[in-house]
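Protein chains in written order, with my numbering: chain A, 43 to 421; chain B, 16 to 297. The beta-carbon is built from N, C-alpha and C at its ideal position, and this holds for glycine as well.
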Amino acid sequence: MSQRINLQGNHACALGAIRAGCRFFAGYPITPSSEVAESMARELPKVGGTFIQMEDEIASMAAVIGASMGGMKSMTATSGPGFSLKQENLGYACGAEIPCVIVNVMRGGPSTGMPTRPSQGDIMQARWGTHGDHPIIVLAPASAAEAFSETSRAVELSEQLRVPVVVLLDEAIGHLVETVDLDAIPETPEVWRKWAEGPKQDYEPYAVTDDMVPPMSRPGDGYRTHTTGLTHAPNGFPTQNPAIAEAALTRTTTKLDLHRERYESWRVRQCDDADLLIVAIGISARAAQAAVDDLRADGVKAGLFRPVTLWPFPEEALREVVASSGAKTVLVPEMNQGQLVLEVERVLKGSAGTVGLGRIDGEAITPDQIAGKAREILG
Amino acid sequence: MKDVDVLDDFDIEDYIRQDQMPHFLCPGCGHGIALRALMWAIHDLAIPKDKLAVVSGIGCSGRLSGYVDASTFHTTHGRPLAFATGLALARPDLHVIVISGDGDCLAIGGNHMIHSCRRNLNMTCMMLNNEIYGMTGGQVSPTTSSDRFTTTTPAGNTEPVFDACALAAAAGASFVGREVTLQILALRELLRDAIANDGFSFVEVISDCTEIYGRKNDLGASPEMMMSQKSSMRPFAYRNTVDVPFRPTGLKTGVLAKTDRPEYGKAYRAMTEKLRGKKGRG
């Protein structure tokens, strides 16, 4: 029997996480992400999981990390102002390499901004929101089905690579209700972090391993390790030794480079012969797709490159698509004043002209707006 | 001092990471005594080290977790109770101890403190109150006594103080107590009862910061500070009522509040099991 259900993006995040084995959720109410918490409060007890509404955003991020350190796959969800508050402990998870997933449903900002209106203003914050150099993965779904599958993937990647993974939705995708065929989403084997094994005296919680992802211990397994947000040596204890500190920070910030094939994901549509390439995520990519169809109907060779893994940005893939298509211009429509366009410019280094298109009035960017800009560029 | 055996087989070295010695605490600091009392209480309760999780925040108190031979978590400033909440919910098999300080617990972590008391999840918070931010060089804290000198109250403290135990009791902690470091046997007994309590226990330890606070306020060396702390406290016989007046001096020691409230983890799991029993609903 096919499981075709009407699913909202936010609910899909919750169900996708549970399917990947997430059994702990701590959150705090905030528009427009509250449905993720509501869904978790309803569904987690049914599978023996734990939901808790904490006293604030900071505490919910902390509780998620605490549960993960206890050995449970865990997640939280928030939006703009809450995402700002979570950055403190998100940095702890980056530094101490604690797997966890953070759903951030973007709304208009800065500050309280426009809570019920869509935005893509957190693209840079998702990458650089917490202080210091740090590893992080950010996934950007563009449909309810993808909110499900990408949140599943977020849980898996955070486990495999011991890194926090942000699922970055905009309000439009978070509240978009679409028919989702759950059976069409492939069932994958449950993924867990590597657990410590072997004699206690030989175990170093932050040892340099071939894959740069050290096995993790948990309370009760006999290793009795120390976890800290201070810069730590391979034995887990704080260090201020310059050589050890540099090696430790270099490992955590470069470990993702070793595993690009595991997490990089993008979609191309009609890019082979494109003169004009559009790069977009989330609801802007949905509008861009309609714009591409519209432009193609007029004989304009347009194509869409959509990063699904937003950070680390799929830079090689974009460069290859631009080179092989011979596109002269890259248009980057986004619901902010120009964030994604900065990364596209950095990646292309002038190999194609880059043009930004922002929208910050609280309305979703439209296909007409994108197609109009494309026609304007092409003259 | 009933049923406390001073001459037992407790050896602090069994519970401390020897490779992390020497510790970084200043000479005369009371925190080491509190840590010893805590480990003694763990020993009294025969809690296996593999089932012990110690979570701390930031500050002088925050560093103590690193010295305990257990699963230890040195978290962010003010947040250890929130980290511990996730850990204790995920792992009800563990004994979770939070070590915090007056700044960590009552200032930046005040919200987590009151909500932890309200929730009554099974864990024990030992708050070391030395009336100062020691690690950052001696700034005023929510428990710095009136008129005291700190680096941010150069003309004397003009702010009123928190009575941490009154706050904990009012917020619903099911076990609340206070002790001074000079009374290590009483502190050991208090911590033992706190850890044994099935719910959220809050223990305030009156510690001393000799090097900064003592020096700045001419309070003498550690023995003088500890003696004056003891003489300013009033032992309290718990009589099944919460009677903790809000006052900055003459604080009471001993068990100050004890209530029989449902432990949160058990309550949540009971709800979960009830839901799972009802197949096909919800």
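Check the Cα spacing between residue 174(A) and each of 201(A), 130(A), 228(A): the tightest is with 130(A).
Leaving aside the five residues that flank residue 393(A) on each side, the residues in its chain whose CB is nearer than 8 Å to its CB run, in chain order, 361, 364, 365. Between residue 87(A) and chain B, the shortest Cβ-Cβ separation is below 8 Å. A distance below 6 Å between beta-carbons, with the five flanking residues on each side excluded, links residue 127(B) to the following residues of its chain, in chain order: 96, 97. Taking the C-beta atoms as reference points, residue 102(B) is found nearer than 8 Å to residue 108(A). Comparing alpha carbon positions, the residue from 226(B), 284(B), 267(B) closest to residue 105(B) is 284(B). Within chain B, not a single residue places a beta-carbon under 9 Å from that of residue 217(A); the smallest gap is close to 23 Å.
In the DSSP assignment, no residue is bridged to residue 75(B). Two segments are said to touch when three or more pairs of C-beta atoms, one from each, lie closer than 8 Å; by this definition the stretch 225 to 238 of chain B touches the stretch 41 to 53 of chain B.
Residues of the stretch 254 to 272 of chain A with a C-beta less than 9 Å from any C-beta of chain B: 259, 260, 261, 262, 263, 264, 265, 266, 267, 268, 269, 270, 271, 272, listed in chain order. For the 8 Å CB-CB criterion, residue 65(A) and residue 139(A) do not form a contact.
If you check the CB distance, residue 216(A) and residue 52(A) come in under 8 Å. A check of alpha carbon separations from residue 126(A) across 102(A), 115(A), 114(A), 111(A) identifies 102(A) as the nearest. When DSSP states are grouped into helix, strand and coil, residue 245(A) belongs to the coil group. Within the stretch 95 to 109 of chain A, the residues whose Cβ lies closer than 9 Å to any Cβ of chain B are, in chain order, 96, 97, 98, 100, 101, 102, 103, 104, 105, 106, 107, 108, 109. When DSSP reads this structure, residue 146(A) sits in a beta bridge with 120(A), 210(A). Residue environment analysis places residue 45(A) among the exposed positions, since fewer than 16 neighbouring C-beta atoms fall within 10 angstroms of its C-beta. The Cβ neighbour count for residue 391(A), taken over all protein chains shown within 10 Å, is under 16; the residue is labelled exposed. Across the stretch 115 to 133 of chain B, CB contacts with chain A closer than 7 Å involve 126, 127, 130, in sequence order along the chain.
Put simply, the CB of residue 81(B) is near chain A, with a gap under 8 Å to one of its CB atoms.
If you ignore the 5 residues before and after residue 124(A), its C-beta comes within less than 7 Å of the C-beta of 70, 72, 99, all in its own chain and listed in chain order. Residue 140(B) is bridged by DSSP to 113(B), 217(B). Interface criterion met: the Cβ of residue 101(B) is under 8 Å from a Cβ in chain A.
A distance below 6 Å between beta-carbons, with the five flanking residues on each side excluded, links residue 229(B) to the following residues of its chain, in chain order: 240.
Residue 89(A) counts as exposed, since fewer than 16 other C-beta atoms from the protein chains shown sit within 10 angstroms of its C-beta. By the 16-neighbour rule on beta-carbons within 10 angstroms, residue 331(A) is buried.
Rounded to whole angstroms, the gap between the alpha carbons of residue 90(B) and residue 297(A) is 23 Å.
Rounded to whole angstroms, the gap between the alpha carbons of residue 117(B) and residue 289(B) is 40 Å.
At least one beta carbon of chain A lies nearer than 8 Å to the beta carbon of residue 64(B). Listed in chain order, the non-local C-beta contacts of residue 178(A) below 7 Å within the same chain comprise 136, 169, 205, 206, 208, 353, local neighbours out to five positions each way being set aside. In the structure shown, residue 130(B) adopts helical secondary structure according to DSSP, grouped into three states.
Under the Cβ criterion (8 Å, minimum of three pairs), the stretch 294 to 308 of chain A does not count as touching the stretch 109 to 125 of chain B. Minimum Cα-Cα distance from residue 322(A) among the listed residues 231(A), 247(A), 283(A), 378(A) corresponds to 378(A). By the criterion of a C-beta distance shorter than 7 Å, residue 326(A) is surrounded in its chain by 162, 375, 376, 377, 407, once the five residues flanking it on both sides are discounted.
In the DSSP annotation of this structure, the continuous segment of the beta strand (DSSP E) that includes residue 156(A) starts and ends at 156 to 160. For the pair residue 212(A) and residue 59(A), the Cα-to-Cα distance works out to about 18 Å.
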